[in-house]
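Enquirer: Protein sequence lines, in the order shown, are assigned to chains Y and E.
Take 1173 as the starting number for the first sequence in this note's numbering and just add one per residue.
Take 1173 as the starting number for the second sequence in this note's numbering and just add one per residue.
Number of protein chains: 2
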Amino acid sequence: MNNTRSIDQDVLEQIIREVFEKMNTTQASPRTEPSKDNDFTIDPQRIPVGISVRHVHICKEDIEKLFGPGAELHPERTLYQGDFAANETVSLIGPKMRLLERVRILGPMRDRTQVELAKTDTIFLGVDAPLRMSGDLKDSAPITIIGPKGVVELKEGCIRAMRHIHMNTKEAKYFGLKDGELVKVRVGGPSAVTFDNVVVRVSDNVRLQIHLDTDEGNVADINCKREIEIIKD
Amino acid sequence: MNNTRSIDQDVLEQIIREVFEKMNTTQASPRTEPSKDNDFTIDPQRIPVGISVRHVHICKEDIEKLFGPGAELHPERTLYQGDFAANETVSLIGPKMRLLERVRILGPMRDRTQVELAKTDTIFLGVDAPLRMSGDLKDSAPITIIGPKGVVELKEGCIRAMRHIHMNTKEAKYFGLKDGELVKVRVGGPSAVTFDNVVVRVSDNVRLQIHLDTDEGNVADINCKREIEIIKD
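Given below as structure tokens:
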């Protein structure tokens, strides 16, 4: 067994991605397309769930540092909200000098580079990433991103994403919720969990969906069909 | 960077253990020794928490298969409930033929070998471990245990441990709870979570303590002081 005493991080990452992609697909398949005006159907006890695996959003300047001048993202797979998982992946390094490999970049490109990790990832890397909404990067954690053509040392930009619910204006009205409001989300079953402090994010061009990270997905045991319920305080 | 593209599992395991040992220590230190008759102090909103990292309980027959004839466990560290973490570790293999290394054995020895994993571990190994109370192993998952001197192929014995609360008779009476009853446990803070279906385990010679696994600890963000509250339905 001595020849197999180190586990390749590529293999590990691939497994995790496959499992969670399958989970996302399972959850998304019975969706009711609630954002279409002519087909407004919501079952408040069965909200679609997306599990976010650790990922990076990238700006034009940084993608060129990491992948070379003129580099672009190449979509591999369209995601539930219309953005995409890119073919391009990077590695991450924190103060413990341990490498987290094959971290997927999500596109399209943004104005600013941002790294989103689960708590388990932050422990592994030794990064003290704060719990934040996407885009709220002031005084967030520094992290180093490794690409095939170069390195980006972010002074700040690494966060743990706060769990949140995307909904459009019509859906928000249906639930009686406002943008920025905090609700609870309950996942049933033997591992039943209620997550407090789930942020409501109201905007157009989104589909109703609860976003959890991999730690939250694992604890709630969301790989089979579960009732996912929004609870207002 | 090519020389560091695979992460050594020993290092990973060591980090995780260090972090969680620190977490356990932090949580356990302000304890009030509630099981002593002359010092019966319980704050129901501040119950001590122990985070169980993946581990193995082992029987005499299997320790000899894994470590050689006459092998014994050597205590490395006494745990909160009086049992111990042994010096001895094993590796685990599931149907995906991926190796989870340096999994700690907890002593003393038991009548039957049992492997307790978090959901994240079961995804990595590809083991379909059911959610069970310790000792309830009928039709639980098969798993292969690797030791320096041999291999044990368990036909059943691998579980995900149901979260539970240890308490003695006096504490159970204080809370109005019975052995086997299910309660909710709430962890406050920005990542506030309520765990349903936490099993009350009443017995003598235990100290009041909530047992969560690493996935649950990470989601609840229990590495700083948090109020841990029992909620009766």
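Backbone N, C-alpha and C define an ideal beta-carbon position, used for all residues, glycine too.
Taking only the alpha-carbon atoms, compute the straight-line gap between glycine 1389 of chain E and tyrosine 1252 of chain E and give it to the nearest angstrom.
Expert: In the second sequence, counting from the first residue as 1, residue 1389 of chain E sits at position 217. In the second sequence, counting from the first residue as 1, residue 1252 of chain E sits at position 80. Cα-Cα distance, rounded: 17 Å.
Enquirer: Please identify, using Cβ separations under 9 Å, the residues of the segment 1333 to 1344 of chain Y that lie next to chain E, in order along the chain.
Expert: The residues in question are Met1334 and Arg1335.
Enquirer: Does the beta carbon of valine 1221 of chain E sit closer than 9 Å to a beta carbon anywhere in chain Y?
Expert: Your numbering for residue 1221 of chain E matches position 49 in the second sequence. Output row for valine 1221 of chain E: interface = no.
Enquirer: Kindly identify the DSSP beta-bridge partner or partners of alanine 1344 of chain Y.
Expert: Position 172 of the first sequence holds residue 1344 of chain Y. DSSP, once it has assigned bridges, lists no residue as partnering alanine 1344 of chain Y.
Enquirer: Look at the alpha carbon of aspartate 1234 of chain E and the alpha carbon of glycine 1319 of chain E, and state the distance between them as a whole number of angstroms.
Expert: Locating residue 1234 of chain E in the second sequence gives position 62, counting from the first residue. Locating residue 1319 of chain E in the second sequence gives position 147, counting from the first residue. So the two alpha carbons sit approximately 10 Å from each other.
Enquirer: For arginine 1177 of chain E, name the three-state secondary structure that DSSP assigns.
Expert: Stepping through the second sequence from its first residue, residue 1177 of chain E is reached at position 5. For arginine 1177 of chain E, the pLDDT reaches just 42, beneath the cut-off of 50, and the residue's location in the model is therefore unreliable, although a value from the coordinates is still provided. Reduced to three states, the DSSP call for arginine 1177 of chain E is coil.
Enquirer: Need the endpoints of the beta strand (DSSP E) that lysine 1327 of chain Y sits in, please.
Expert: Taking the first sequence and counting its residues from 1, one reaches residue 1327 of chain Y at position 155. Where lysine 1327 of chain Y is concerned, the enclosing beta strand (DSSP E) stretches over 1323 to 1333.
Enquirer: Measure from the C-beta of proline 1362 of chain E to each C-beta in chain Y and report whether the shortest distance is under 9 Å.
Expert: As a working note, residue 1362 of chain E is residue 190 in the second sequence. Answer yes: the Cβ-Cβ gap between proline 1362 of chain E and chain Y drops below 9 Å somewhere.
Enquirer: In this structure, does DSSP put glutamate 1288 of chain E in helix, strand or coil?
Expert: On the second sequence, residue 1288 of chain E is found 116 positions in, with the first residue counted as 1. Correct three-state label for glutamate 1288 of chain E: strand.
Enquirer: Check whether the segment 1251 to 1267 of chain E touches the segment 1340 to 1356 of chain E, counting contact only when three or more Cβ pairs, one atom from each stretch, lie closer than 8 Å.
Expert: No, they do not touch.
Enquirer: With distances taken between CB atoms, is the gap from phenylalanine 1367 of chain Y to arginine 1332 of chain Y smaller than 9 Å?
Expert: As a working note, residue 1367 of chain Y is residue 195 in the first sequence. As a working note, residue 1332 of chain Y is residue 160 in the first sequence. Contact flag unset, no.
Enquirer: Can you list, in chain order, the residues of its chain with a C-beta nearer than 7 Å to that of valine 1365 of chain E? Leave out the 5 residues immediately preceding and following it.
Expert: The sequence position of residue 1365 of chain E within the second sequence is 193, counting from 1. Closer than 7 Å at the Cβ level, and outside the excluded window around valine 1365 of chain E, lie Val1359, Val1391 and Ala1392.
Enquirer: So valine 1228 of chain Y is in the beta strand (DSSP E); what residue range does that whole segment cover?
Expert: Locating residue 1228 of chain Y in the first sequence gives position 56, counting from the first residue. Valine 1228 of chain Y -> beta strand (DSSP E) spans 1227 to 1229.
Enquirer: Can you check whether the CB of aspartate 1293 of chain E is closer than 9 Å to the CB of proline 1302 of chain E?
Expert: On the second sequence, position 130 is the one that residue 1302 of chain E refers to. On the second sequence, position 121 is the one that residue 1293 of chain E refers to. No. Outside cutoff.
Enquirer: Isoleucine 1235 of chain Y CB to nearest chain E CB: under 9 Å?
Expert: For this step, residue 1235 of chain Y is matched to residue 63 along the first sequence. No, no contact with chain E.
Enquirer: Among all the DSSP beta bridges, which residues are the ones paired with alanine 1392 of chain E?
Expert: For the purposes of this step, residue 1392 of chain E is taken as residue 220 along the second sequence, with counting starting at 1. In DSSP, alanine 1392 of chain E forms no bridge with anything.
Enquirer: How about threonine 1316 of chain Y and histidine 1229 of chain Y: do their beta carbons lie closer than 9 Å?
Expert: Start at 1 with the first residue of the first sequence, and residue 1316 of chain Y comes out as number 144. Start at 1 with the first residue of the first sequence, and residue 1229 of chain Y comes out as number 57. Taking 9 Å as the Cβ cut-off, threonine 1316 of chain Y and histidine 1229 of chain Y do not qualify as a contacting pair.
Enquirer: Can you tell me which of E/Ile1337, E/Val1355 and E/Val1374 puts its alpha carbon nearest to the alpha carbon of isoleucine 1219 of chain E?
Expert: Residue mapping note: residue 1219 of chain E aligns to position 47 of the second sequence, counting from 1. The option with the nearest alpha carbon to isoleucine 1219 of chain E is E/Ile1337.
Enquirer: Reducing DSSP to helix, strand and coil, say where threonine 1213 of chain Y ends up.
Expert: The count along the first sequence starts at 1 and reaches residue 1213 of chain Y at position 41. Correct three-state label for threonine 1213 of chain Y: coil.
Enquirer: Rounded to whole angstroms, what's the CA-CA distance from leucine 1245 of chain E to alanine 1290 of chain Y? Just pull it up for me.
Expert: Within the second sequence, residue 1245 of chain E is the residue found at index 73, counting from 1. Within the first sequence, residue 1290 of chain Y is the residue found at index 118, counting from 1. Those two C-alpha atoms are separated by around 35 Å.
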